[in-house]
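Position one of the sequence shown corresponds to residue 1 (the UniProt record's numbering), numbered consecutively onward.
Where a beta carbon is used, it is the ideal one built from N, C-alpha and C, also for glycine.
Just so it is clear, the structure is predicted and the values come from calculations on it, not from any experiment.
I have placed the structure first, in the form of structure tokens, so that the comments after it can refer back to it.
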Amino acid sequence: MDASQLLMRMKHFVRSTEKPSTSSVVNNEFNQAHRTTFVSGSHVKQFYESTVGKEAFQTNQKKCTKGKPLEEPKPSTKLIKTAFNVNSLMKAVEMGKTADVEEILEKNKESVNCCDQFGWTPIMSACCAGNERMVVLLLQWKPDLSVCDKRGQSCRDLASAKGYRHIVKILDQYVQDMHENTVAKQNPTSSEQVPSNNTTFYCKVCKQSIEHTSMKKHLSSTIHNFHKASKRKMPTMYGIPESNKGFQILVKSGWNKEDGLGPSGEGHKYPPKTILKQDRTGLGAKRYQARVTHTLEDSGRKEVRQKKTFKRDLKMEKTKEQRLERNLRRMLS
């Protein structure tokens with residue numbers, strides 16, 4: 001190939017220029033307006049109206065406003081409606097904060113019988129702590145005193161176990177007042193029939209006619225209380241500790257302690273009485289008294305058998321006597 005053919009003129013490619021956008025036009029006009037030494041208010045107003053009136057500005061503004069409108073933050077309801085917390089009530093009762101306890105009970109009246117994970121109620125915690133003021137406060141909200149914990153103990157049992165006799169007295173008085181109110185509601189005319197003056201009346205508990213005293217004084221007398229206490233049934237003693245798992249299961253299932261053992265309450269109420277065999281005679285030869293517990297005096301003691309002597313023991317004893325005799329002779333000589 002010739003050199004003339006190799007020497008060709010190079011072509012320079014020029015990149016295409018895009019059509020100036022409306023935003024660039026606006027910027028150019030704004031720059032030109034700023035280049036002038038002096039800008040009047042009318043020029044600024046015209047520039048603003050021309051800029052706002054353009055389609056590009058309006059479309060961009062619409063795109064920006066297409067989003068969801070911002071909602072005003074609503075006030076949180078957590079502070080308004082506070083959820084009831086059992087632990088907070090139990091802690092306030094244990095620490096003796098009467099104001100906090102009253103505030104919680106006013107908002108949730110049913111919380112007076114609430115139970116924690118151990119089956120304790122607020123009245124149980126107050127009785128166990130020995131806080132008389134808190135116990136009186138909780139009794140005003142009429143709690144259920146028959147509720148038992150996982151060990152089968154009520155609030156009265158906890159107070160008596162701790163030795164708080166004043167708490168036990170308050171609980172007993174509350175139960176008695178509730179019983180009297182219930183009886184008064186059922187028999188509204190009974191209170192009107194009680195004589196208040198020194199008249200003769202018949203006491204069903206003492207089973208005799210009372211004279212020269214009022215009914216109120218007689219009911220608080222020692223004789224009446226003695227007759228009343230003698231008619232009370234002694235609590236049933238099964239010989240089983242209340243911490244026994246089977247005993248606790250029966251109590252939780254609604255079993256009454258005064259009935260017999262078993263879910264139906266038809267089992268043995270007391271431990272069976274037994275008879276110890278004290279001789280080698282037949283079963284029907286001599287009858288012994290059946291008892292629940294037996295002492296060493298009841299059971300026949302075995303005769304002490306004499307220990308057998310062997311030839312070796314006799315020889316050792318004789319050798320010991322000879323040694324002592326020999327030592328005694330040496331001391332005297």
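Determine the closest residue to residue i out of the options, with distance taken between C-alpha atoms.
i           : options            : result
residue 293 : 156, 218, 273, 119 : 273
residue 125 : 159, 105, 106, 140 : 159
residue 174 : 280, 102, 50, 136  : 136
residue 256 : 148, 167, 329, 13  : 148
residue 278 : 271, 289, 270      : 289
residue 223 : 87, 204, 11, 52    : 204
residue 119 : 52, 252, 216       : 252
residue 102 : 217, 140, 10, 165  : 140
residue 130 : 217, 93, 312       : 93
residue 121 : 87, 282, 132       : 87
residue 167 : 254, 46, 43, 132   : 132
Under 8 Å by Cβ, that's how I've got residue i and residue j pegged, so tell me the actual separation to the nearest angstrom.
i           : j           : result
residue 162 : residue 128 : 6 Å
residue 90  : residue 116 : 6 Å
Distance, Cα to Cα, residue i vs residue j?
i           : j           : result
residue 151 : residue 97  : 27 Å
residue 266 : residue 242 : 19 Å
residue 213 : residue 220 : 11 Å
residue 388 : residue 323 : Any question about residue 388 goes unanswered here, given that the chain covers just 1 to 333.
residue 321 : residue 310 : 17 Å
residue 211 : residue 236 : 38 Å
residue 331 : residue 318 : 20 Å
residue 41  : residue 15  : 42 Å
residue 314 : residue 333 : 29 Å
residue 226 : residue 108 : 43 Å
residue 228 : residue 176 : 14 Å
residue 154 : residue 285 : 51 Å
residue 261 : residue 268 : 6 Å
residue 258 : residue 308 : 57 Å
residue 184 : residue 215 : 17 Å
residue 156 : residue 171 : 7 Å
residue 336 : residue 264 : As displayed, the chain neither begins before 1 nor continues past 333, which places residue 336 out of reach and without an answer.
residue 287 : residue 247 : 35 Å
residue 100 : residue 181 : 30 Å
residue 312 : residue 271 : 53 Å
residue 240 : residue 249 : 13 Å
residue 244 : residue 200 : 53 Å
residue 78  : residue 106 : Here the model assigns residue 78 a pLDDT of 35, short of 50, so the residue's position is not dependable and the matter cannot be decided.
residue 43  : residue 49  : 10 Å
residue 275 : residue 238 : 19 Å
residue 254 : residue 282 : 46 Å
residue 45  : residue 51  : 10 Å
residue 202 : residue 218 : 11 Å
residue 291 : residue 280 : 20 Å
residue 95  : residue 178 : 28 Å
residue 189 : residue 104 : Any answer about residue 189 is weak, because its pLDDT of 45 lies below 50 and its placement is not dependable; what the coordinates show is given next. When rounded, the distance between both Cα atoms is 39 Å.
residue 47  : residue 12  : 41 Å
residue 193 : residue 85  : Confidence at residue 193 is low in this model, with a pLDDT of 49, below 50, so its placement is unreliable and no value can be given for it.
residue 138 : residue 123 : 6 Å
> Pairing CB atoms from the region 142-160 with CB atoms from the region 105-125, are three or more of them under 8 Å?
Replying inline: yes
>> I'd like the ranges of any alpha helix (DSSP H) spanning at least 4 consecutive residues and lying wholly in the region 111-183.
In response: 122-129, 132-139, 155-162
>> Quick check on the DSSP output: what are the complete alpha helix (DSSP H) runs of length 4 or more inside the region 198-231, in order along the chain?
In response: 215-219, 222-230
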